[in-house]
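Residue numbers (the numbering used here): 277 to 395. Below: one structure, written as C-alpha cells.
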C-alpha cells in the first residue's frame, strides 16, 4: 500500500493511525514534497474511477487563483485539470491510498481506509 499524505492534515494522520492499528504495511508519500506526475495522477484516477475535478480541493486559495471554478469539467479539459494537479499538488484531495495492483480510495473516512485492509 502507498498513502499520499500532507502531515499537517488531520484526515491523513487519522488514516495513518488506522493503518498502524491494523499493522498494515504501507509506504508514505509526502505528495507536496514529492508531487505525482500527470501519468501517476491518471493511473490513480483510473483506480479510483474518478475524474480529476473529483479529487481537486477547490476550496484552496490556489484553486481560486487558477480560476478552477470556471474550468469546464469534461473530457476535452481533463488533461488541463490533471496538469493543474501535477503542477499544484496542494490541490489534490488527501489522503489517497493505493493497493499495489489493486484498488485505491480517497481515505477521508475510517470506512474508506478500512475498505482497503482486506485487499
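Just so it is clear, CB atoms sit at the ideal spot from N, CA and C, and this is done for glycine as well.
In the DSSP assignment, the beta strand (DSSP E) including residue 372 goes from what residue to what residue?
That run of the beta strand (DSSP E) goes 372-374.
Spatial neighbours of residue 365 within its chain, please: C-beta separation below 6 Å, excluding the five flanking residues on both sides.
Hits under 6 Å: 307, 308 and 311.
Put residue 278 into one of helix, strand or coil per three-state DSSP.
Strand.
On the three-state DSSP scale, how would you describe residue 298?
The answer is coil: DSSP assigns residue 298 none of H, G, I, E or B.
Less than 8 Å between the CB atoms is what I'm expecting for residue 392 and residue 371, so what's the real figure, rounded?
About 11 Å; that fails the 8 Å criterion.
Is it buried or exposed, residue 291, if we count other Cβ atoms within 10 angstroms and call 16 or more buried?
Result: buried.
Whose C-beta lies closer than 7 Å to the C-beta of residue 388 among residues of the same chain, with five residues either side of it excluded?
Taken in chain order, the residues that qualify are 381 and 382.
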